[in-house]
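Student: I am attaching a structure below and will ask some questions about it afterwards.
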Amino acid sequence: MGLPTQALTPAPASLRGFGGEAVQVLGQALLLIAFGSGENRREEQILFDVVDIPYNYNAIFGRATLNKFEAISHHNYLKLKMPGLAGVIVVKGLQSSAASKSDLAIINRAVHSVETEPHEQPKNMPKPTPHGKITKVQIDDADPTKLVSLGGDMGEEEVESILEVLKKNIDTFAWSPDEVGGVPADLIMHHLAVKLDIKPRKQKLRKMSADRQEAAKAEVQKLLRAGVIQEIDHPEWLVNPVLVRKSNGKWRMCVDFSDLNKAYPKDDFPLPRIDQLVDSTAGCELMSFLDAYSDYHQIHMNPLDIPKASFITPFGTFCHLRMPFGLRNAGATFARLVYKVLGIEANPEKIDAIQQMKPPSSVHEVQKLAGRIAALSRFLSKAAERGLPFFKTLLGAGKFDWTPECQATFDELKQYLQSPPALISPPPGSELLLYLAASPVAVSAALVQETEFGQKPVYFVSEALQGAKTRYIEMEKLAYALVMASCQLKHYFQAHKVIVPSQYPLGEILRGKEVTGRLSKWAAELSPFDLHFVARSAIKSQVLADFVAEWTPVLALDPEPAEQFWVMCSDGSWSHRGAGIAAVLFSPNDVPIRYAARLQFDTTNNAAEYEAVFLGLRKAKALGVRRLLIRIDSKLVAGHVDNSFEAKEEGMKRYLEAVRFMEKYFTGITVEHLPRSQNEEADALAKSAACGGPHSPGIFFEVLHAPSVSMDSSEVMAIDQEKLGEDPYDWRTPFVKHLETGWLPVDEAKAKRLQLRATKYKMVSGQLYRSGVLQPLLCCISFAEGEEMAKEIHQGLCGAHQAARTVASKVFRQGVYWPTVLKVCVEQIKKCESCQRHGRSQTAPQYDLQPIAPIWPFARWGLDIIGPFPVARNGYKFTIVAVEYFSRWIEAEPLGAITSAAVQKFVWKNIVCRFGVPKEFITNNDKQFDSDKFREMCEGLNLEIRFASVAHPQSNGAAKRTNGKILEALKKKLEGAAKGKWPEELLSVLWALRTTPTRSTKFSPFMLLYGDEAMTPAELGANSPSVIFSGGEEGREVSLELLEGVRVEVLEHMHKYATSTSATYNKKVRPTELMPGYLVLRKKVNPVAVGKLESKWEGPYLIKHKSRTGSFRLATLEGEEFDYSWNAASLKRFYA
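Heads up, the sequence shown is in UniProt numbering, so the first residue is 1 and it goes up one at a time.
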């Protein structure tokens, strides 16, 4: 394209090809891409990665390009569409052009013809015969049957050397199962981790043919002689053997452990890869076909698992003493044995590929070298650092340049690979050591196990640092190396206790209370692992000594001398813009750790200087520093501390007393005054903190809202508590005892649980802390203290009666923890009287739907009042409504006033005189229904009155729904007319509802009462079929005879409808059990009239008894019972 190489910008990383190989990016170029033409043309700047590989196309568009152009591709039509300035832009692909490119690619590609084997092997396929003559040679002079086969093409000297080796090691080989000795049980045993909740299965004996029985008997006798199996009387699991005929006509006996294999988890130990094993044989001069005879049978079974690996035959039951074939994890156990015996060594072919490699002369050859280094990275300590000069060569935008540094590194790599370390596989539960190394350009880690033969490496990992990571301070690089190792070796970190030896206070930094920023994030990532930080001691492996010794010049391998000091430089800054303090701690290796804080309270310059000293003392105490040299540029503070000046002001006296109190945490503290010019770093940090300016990475910054000492002379704090770890009922005691003394419970399960949980806890200055997410460390307090804190946060001086999770989050944000935080917060809020009186009511139903079952027409009526309406003629303002529960027939009449007499008149005229005396009325608790006269009338007619629950209209649902239908119809009929004419329209509304089929019955009320549908005026005008075919009395008599059958059918349908409705309603139920004797709050009858700041609940009241499901009779606390029942929807339990 004519672009100069200088136009390319560096690329952040390499690309990955479709085959998985890494493709090095030469650089990036920003190019202008255009689609369309004329006015409908779009142009965008696209960033391309430039690579140097043979390809048939100039460029490949990715998702970023398609997203930028908002393009949509269709592969079937070979089109690309995108929005343009004047319409849709369509890019069409040409099949002829694509085909020509494809043909060109085929012509230019070197094709190798490879004959592949058929997918299915033909039956009875003969085995391949060896090439050349085969000679059988006796290697045991005492036994002529012990022969080996040698190729006839071998020379005499070669044959003699091979026979000498075989005869010397003849005891290694076995010619029969009797000679197989087996692997010592202390080296490895096969264990079946059968789940305890799975019941053992015992199969019954299957029938066998005579020839199969003979073959099975011979195989069993063979295994008995070899000591692989034995007879058993009481097996736990029992399976049948399966006999399969081999190609030579003989039988092979296998045991089907399918049921047993399902009862325990899979062992994830990695099995060897066949391609790597085959590659490792390339270039070998001799090939030996040696059968690892009965290799599985050389591994003992765990004695507790022997009864599980049992099988049944026609001549007895037997169990395996050695590991049988067919078990799920047998292959993993054998692979683990091989790794234990032989170790994990690097592929010699891969090492030889680098050893025989000439110095690269092109970028492509450097890429090959980098790939070979990556293949051996597990065996290379500091692989990233060793390969860094080669990576720099690949990043160069100019021509290839093999520098002297690259050649020196190349020679050093070859020298290292002459004796690569053999890695080991650690046994489960063993302790591992993790050595960390960091340099300006890379971080590395070596995972090691301590054995009786010294320290043996398990795994090496490394990473080259790029970008901002190269600017980390040494402490952060080490912490990042630890995080990097935990990500790449997570399977080791999760299964083993990992000890991190280091000269740095890495553990104190990551688990300190003041950790912030990226260190806080890393600390949270490392919290699930069982990490222990110790001081580095002597290293018992030359490979590991080289690994640690070469990484950075600032560290020494010798232990820290006892007479060495930590040095602290502190300073305080005060101005009209604010106050800030800073402290810089220098380790004995002269590694700085910088702290800064902004003071959000009124102070003076001298007080700020003291606060800076306190900041440094707190950090030094958290780091475990014992001897400290304080350098400060304030003569006053330095004089106070070294007793050369007397503190006269009350505030300075208190600060000095606090410094004297802190001295007990150190072996020795020395104060030294120095000029401000020699304290520039601390001075700059303090001024930056005072101004609130940005802080560079590597500085631990915080904000202090109160002085370190109290200035109120009247403030006295009394502390009288039992020493932490001594109270046997305190939940913290097991953690404190475990962390301080290593104590564990006797019960193995509890001990394991405590060990896993204790990884998140640590002791700091005698106080237990837990690693957190909202805060780096949370102070652990007792349950009693936690209840008081939750109560104070919820309803204290700064409390707002918030929800439980909000209160719990405030607890964590204040740096406090105890195990039952959320449970305590829920209980506190549940018992808070203000929250109960002003809390919301539960909208979801608390009890299942209780439908009122229909009886028969005219047996049950619901009564209710609608109104007030606009005043009509004769002073009508209300309407009394009655609905029959079976047919849904409606009776209604306008009323001028709601009185008991009016209700009696309506019931007598519209119900009793027309339909007979019903069995019961369902009505609300209004006085017109609950009056003496109305009760006398009902008692005289021997009918029952059932009152609905107070303020719960669903108890009289049929009447309430009917009221809504009447109101809706009246509104529509009176649209545009005088509203006072509603009594005149009432009859037409009732007629319409009586002749309309209802959903619950599928028939109209008129049909269910009179046996036929009513003739409406609309039918007469349209001459409907009902008018044409209306017969005389005979047809009417037939309809009346059929009416009872229709009513029975309706009864069944209403039952199904109620069941379906109940099922839908009951899905929303959230049960809240209320029982007699409980205290409850009662919702006020008219909550609308309640003021904004008043409670909508009243009480508490006592539940006297349960009147029916979901309804309760209440009483006052003095025992006075109320007349009516209340539904659970209007009640809420009150917790005293």
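Idealized CB from N, CA, C, for every residue including glycine. Model, not experiment: these values are computed from the prediction.
What separation, rounded to the nearest whole angstrom, lies between the Cα atoms of Trp1126 and Ala844?
Tutor: A direct Cα-Cα distance of roughly 17 Å separates Trp1126 from Ala844.
Student: According to DSSP, is Val366 helix, strand or coil?
Tutor: helix
Student: Express the C-alpha separation of Leu993 and Ala977 in angstroms, rounding to a whole number.
Tutor: 21 Å
Student: Taking only three categories from DSSP, how would you classify Ala1014?
Tutor: coil
Student: Tell me whether Glu1044 is buried or exposed, calling it buried when 16 or more other Cβ atoms sit within 10 Å of its Cβ.
Tutor: exposed
Student: The alpha helix (DSSP H) spanning Cys798 covers which residue range?
Tutor: Note, Cys798: premise wrong, no alpha helix (DSSP H); not H, not E.
Student: Closest to Ser1062 by C-alpha separation, out of Gln850, Ile170, Lys687 and Val441, would be which residue?
Tutor: Gln850
Student: What residue does the alpha helix (DSSP H) around Leu822 start on, and which one ends it?
Tutor: Val821 to Lys831
Student: Over the uninterrupted beta strand (DSSP E) stretch that includes Asn40, give me the two end residues.
Tutor: Asn40 to Val51
Student: Do you know whose CA, among Arg1070, Ile865, Val659 and Asp295, lies nearest Arg336's CA?
Tutor: The shortest CA-to-CA distance from Arg336 to any of Arg1070, Ile865, Val659 and Asp295 is the one to Asp295.
Student: Quick check: what's the CA-CA separation for Ile170 versus Asp140?
Tutor: Distance from the CA atom of Ile170 to the CA atom of Asp140, rounded to whole angstroms, is 8 Å.
Student: Check whether the Cβ of Phe69 lies closer than 7 Å to any heavy atom of the ligand NAP, and answer yes or no.
Tutor: The ligand NAP is not among the ligands present in this structure, which contains no ligands whatsoever.
Student: For the alpha helix (DSSP H) that Val746 lies in, which residues bound it at each end?
Tutor: Taken as a continuous stretch (DSSP letters only), Val746 belongs to no alpha helix (DSSP H), as it is neither H nor E.
Student: Taking only beta-carbon atoms, is Asn240 less than 8 Å away from chain C?
Tutor: Although the question refers to chain C, the structure presented lacks it and comprises just one protein chain.
Student: May I have a chain-ordered list of the beta strand (DSSP E) segments no shorter than 3 residues that lie completely inside the region 304-343?
Tutor: 310-313 and 316-320
Student: Measuring straight from C-alpha to C-alpha, what distance separates Thr741 and Ser765?
Tutor: 15 Å
Student: From Ile188 to His300, what distance separates their C-alpha atoms?
Tutor: 8 Å
Student: So is Glu1118 buried or exposed if we call it buried at 16+ other beta carbons inside 10 Å?
Tutor: exposed
Student: Is residue 1146 buried or exposed, if buried means 16 or more other CB atoms sit within 10 Å of its CB?
Tutor: What the structure shows of the chain is the stretch from 1 to 1136, and residue 1146 is not part of that stretch, so it cannot be assessed.
Student: Who are the near neighbours of Phe906 in its chain, counting only those whose CB is closer than 6 Å to its CB and skipping five residues on each side?
Tutor: Ile880 and Glu893
Student: Quick check on DSSP: helix, strand or coil for Ile630?
Tutor: strand
Student: Check whether the region 604-617 touches the region 656-673, counting contact only when three or more Cβ pairs, one atom from each stretch, lie closer than 8 Å.
Tutor: Touching, per the Cβ criterion.
Student: Suppose you measure from the CA of Val278 to the CA of Gln494; what does that come to, to the nearest Å?
Tutor: Residue placement at Val278 is flagged as unreliable, the pLDDT there being 47, under the threshold of 50; the coordinate-derived value follows with that caveat. Answer to the nearest angstrom: the Cα atoms are 33 Å apart.
Student: Rounding to the nearest angstrom, what Cα-Cα distance links Ala853 and Glu1052 in this structure?
Tutor: 11 Å
Student: Please confirm if the region 215-224 is in contact with the region 309-328, defined as three or more CB-CB distances below 8 Å between the two stretches.
Tutor: yes
Student: Would you list the residues sitting across from Gln230 in a DSSP beta bridge?
Tutor: Cys319
Student: Whole angstroms are fine: how far does the CA of Glu365 sit from the CA of Val25?
Tutor: 15 Å
Student: Using alpha carbons as the reference points, say which of Gly182, Lys246 and Lys262 lies closest to Ile198.
Tutor: Lys262
Student: Quick check on Asn58: buried or exposed, where buried means 16 or more other Cβ atoms within 10 Å of its Cβ?
Tutor: exposed
Student: Measure the CB-CB distance between Ala445 and Leu434 and report whether it falls below 8 Å.
Tutor: Yes, they are a contact pair.
Student: Using three-state DSSP, classify Ile473 as helix, strand or coil.
Tutor: coil
Student: At which residues does the alpha helix (DSSP H) containing Met652 begin and terminate?
Tutor: Glu650 to Met662
Student: Give me the Cα-Cα distance between Tyr1065 and Lys831, rounded to the nearest whole angstrom.
Tutor: Cα to Cα, Tyr1065 sits roughly 30 Å from Lys831.
Student: For the beta strand (DSSP E) that contains Val709, what are its first and last residues?
Tutor: Per DSSP, Val709 belongs to no beta strand (DSSP E) and is neither H nor E.
Student: Using the Cα positions of Ser1130 and Leu1114, report the straight-line distance between them to the nearest angstrom.
Tutor: 12 Å
Student: Mark Trp908 as exposed unless 16 or more other C-beta atoms lie within 10 angstroms of its C-beta, in which case mark it buried.
Tutor: exposed
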